[in-house]
Amino acid sequence: MTAQEAKGLLVTFEGVDGSGKSTQAALFVERLAQAGVPLLALRDPGANAISERIRAILLDRSLAEMSPWSELLLYEAARAQMTGQQIIPALAEGRMVVCDRYYDSTTAYQGYGRQLELDLVHQANRIGSCGLVPDVTFLIDVELEVVRRRLSARDSDADRMEAAGLDFHDRVRRGYLELAAAAPERVYVIPGNRPIESIQRHIWQLFINRFQRHLNRPGEENA
Ligand code: ADP
Numbered sequence: 004m005t006a007q008e009a010k011g012l013l014v015t016f017e018g019v020d021g022s023g024k025s026t027q028a029a030l031f032v033e034r035l036a037q038a039g040v041p042l043l044a045l046r047d048p049g050a051n052a053i054s055e056r057i058r059a060i061l062l063d064r065s066l067a068e069m070s071p072w073s074e075l076l077l078y079e080a081a082r083a084q085m086t087g088q089q090i091i092p093a094l095a096e097g098r099m100v101v102c103d104r105y106y107d108s109t110t111a112y113q114g115y116g117r118q119l120e121l122d123l124v125h126q127a128n129r130i131g132s133c134g135l136v137p138d139v140t141f142l143i144d145v146e147l148e149v150v151r152r153r154l155s156a157r158d159s160d161a162d163r164m165e166a167a168g169l170d171f172h173d174r175v176r177r178g179y180l181e182l183a184a185a186a187p188e189r190v191y192v193i194p195g196n197r198p199i200e201s202i203q204r205h206i207w208q209l210f211i212n213r214f215q216r217h218l219n220r221p222g223e224e225n226a
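With our numbering, letter number 109 in the sequence shown gets 112, and the count goes up by one each step, no holes.
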């Protein structure tokens, strides 16, 4: 099943660490909840017992010897579990699924950041997502200097990915912009160096313009 064949909608938020995507995903979820939309909010990797354990391995800075291929496959394993256990059933029930990161993160981080062969990353992504494609993706784009400032303010939280350095993040950011340019009908690039509320309004407006009917009669249509 693809997200397009399901009754619900799959909405994903993407961006480099510190771009503000989690902030925006949470505000978006709040708004949907206020509108009475049946929904499921998830973070990838994570959101269930198995995927959270895999997440803990991925973010453990004492495991610095992890190979990029092992890292790729662990992300896909966590994603496959979440997709099968949570996303597909929720979409089948007509719920809106909002995901903080999904496979575009793997394309950007493992493909562009770690420079793994893109073709193989795309194939791995298809396995991890069980063939699902998000209905819409909001990519929060912020210059690295702004990100660096934001992240240094929460230095104690810096995980292994955040410790990877500016060159790495520059490749990740460019990767995100490239994948967005390749799928403009799905991925909206949202300038993220603005006040939180103004970004939120921008995202909501784009969403409403395209998916208003899903708010009016949630679960009844997605033909
Ligand atoms: P991400 O999920 O992309 O890592 P977060 O949403 O966790 O980013 O935000 C990272 C930090 O930046 C947090 O401290 C958050 O409060 C702050 N932040 C988020 N959005 C903005 C914004 N538009 N302007 C300034 N600071 C922001």
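A virtual CB, placed ideally from N, CA and C, is assigned to each residue, including glycine.
Look up Met85 in the DSSP assignment and say whether it is helix, strand or coil. Translated into the one-based positions of the sequence shown, residue 85 becomes position 82. Reduced to three states, the DSSP call for Met85 is helix.
Quick check: what's the CA-CA separation for Gln126 versus Gly134? Here residue 126 refers to the residue found at position 123 of the sequence shown. Here residue 134 refers to the residue found at position 131 of the sequence shown. Approximately 10 Å, taken between the alpha carbons.
Report the option in Phe141, Leu66 and Phe214 whose CA atom is closest to the CA atom of Pro187. Within the sequence shown, numbered from 1, the residue matching residue 187 stands at position 184. It is Phe141 whose Cα lies nearest to the Cα of Pro187.
Taking the C-alpha atoms as reference points, what is the distance between Arg34 and Ser155? Here residue 34 refers to the residue found at position 31 when the sequence shown is read from its first residue. Here residue 155 refers to the residue found at position 152 when the sequence shown is read from its first residue. Straight-line measurement puts the Cα of Ser155 at about 30 Å from the Cα of Arg34.
Supposed close pair Arg189, Val139 - CB separation, criterion 8 Å: In the sequence shown, counting from the first residue as 1, residue 189 sits at position 186. In the sequence shown, counting from the first residue as 1, residue 139 sits at position 136. Contact check for Arg189 and Val139: beta-carbon distance about 6 Å, within the 8 Å limit, so the pair qualifies.
Report yes if the C-beta distance between Gln89 and Asn128 is below 9 Å; otherwise report no. If you number the sequence shown from 1, residue 89 lands on position 86. If you number the sequence shown from 1, residue 128 lands on position 125. Going by C-beta atoms, Gln89 is not nearer than 9 Å to Asn128.
Kindly indicate which three-state DSSP category Arg177 falls into: helix, strand or coil? Walking along the sequence shown from the start, residue 177 turns up at place 174. The answer is helix: DSSP assigns Arg177 an H, G or I state.
For Gly49, collect the residues of the same chain with a Cβ closer than 6 Å to its Cβ; drop the 5 residues on either side in sequence, then sort them by chain order. Translated into the one-based positions of the sequence shown, residue 49 becomes position 46. Within the same chain, Gly49 has close Cβ partners Glu55 and Arg58.
Apart from the five residues on each side of it in sequence, which residues of its chain come closer than 6 Å, Cβ to Cβ, to Val32? The residue given as residue 32 occupies position 29 in the sequence shown. Excluding positions up to five away in sequence, the list reads Ala44 and Val101.
At what residues does the alpha helix (DSSP H) containing Val40 begin and finish? Residue numbering aside, residue 40 sits at position 37 when the sequence shown is read from its first letter. Element bounds for Val40: n/a, residue is neither H nor E.
Considering only the alpha carbon of each residue, which of Val124, Gln27, Ser22 and Tyr112 lies closest to Arg152? The residue you call residue 152 lines up with position 149 of the sequence shown. When each option's Cα is compared against that of Arg152, the closest is Ser22.
Are Gln203 and Leu12 close, meaning C-beta to C-beta below 9 Å? For this step, residue 203 is matched to residue 200 along the sequence shown. For this step, residue 12 is matched to residue 9 along the sequence shown. Taking 9 Å as the Cβ cut-off, Gln203 and Leu12 do not qualify as a contacting pair.
Using a Cβ cut-off of 9 Å (strictly closer), state whether Ala167 contacts chain D. Looking at the structure shown, chain D is missing, and only one protein chain is on hand.
Mind checking whether the beta-carbon of Arg151 lies closer than 8 Å to any heavy atom of the ligand ADP? Within the sequence shown, the letter at position 148 stands for residue 151. Answer for Arg151: no, Cβ out of range of the ligand ADP.
State the DSSP-derived secondary structure class of Tyr105, mapped to helix, strand or coil. As a first step, residue 105 is located in the sequence shown; it is residue number 102 there, counting from the start. Looking at Tyr105 - three-state DSSP - the assignment turns out to be coil, as it is neither helix nor strand.
Using DSSP's beta-bridge definition, name the partner residues of Met99. Within the sequence shown, residue 99 is the residue found at index 96, counting from 1. The partner list for Met99 (beta bridge, DSSP) reads Leu42.
Name the residue from Arg177, Phe214 and His205 whose alpha carbon lies nearest to the alpha carbon of Gly18. As a working mapping, residue 18 is identified with position 15 in the sequence shown. Comparing Cα-Cα distances from Gly18 to each of Arg177, Phe214 and His205, the minimum goes to Arg177.
Do the CB positions of Ile60 and Leu76 come within less than 9 Å of each other? Reading the sequence shown from its first residue, position 57 is the one you call residue 60. Reading the sequence shown from its first residue, position 73 is the one you call residue 76. Note that the C-beta distance between Ile60 and Leu76 is not below 9 Å.
Determine the closest residue to Ile91 out of Gln27, Gln37, Lys24 and Ser132, with distance taken between C-alpha atoms. Against the sequence shown, residue 91 aligns to sequence position 88. Out of Gln27, Gln37, Lys24 and Ser132, Ser132 has the C-alpha closest to the C-alpha of Ile91.
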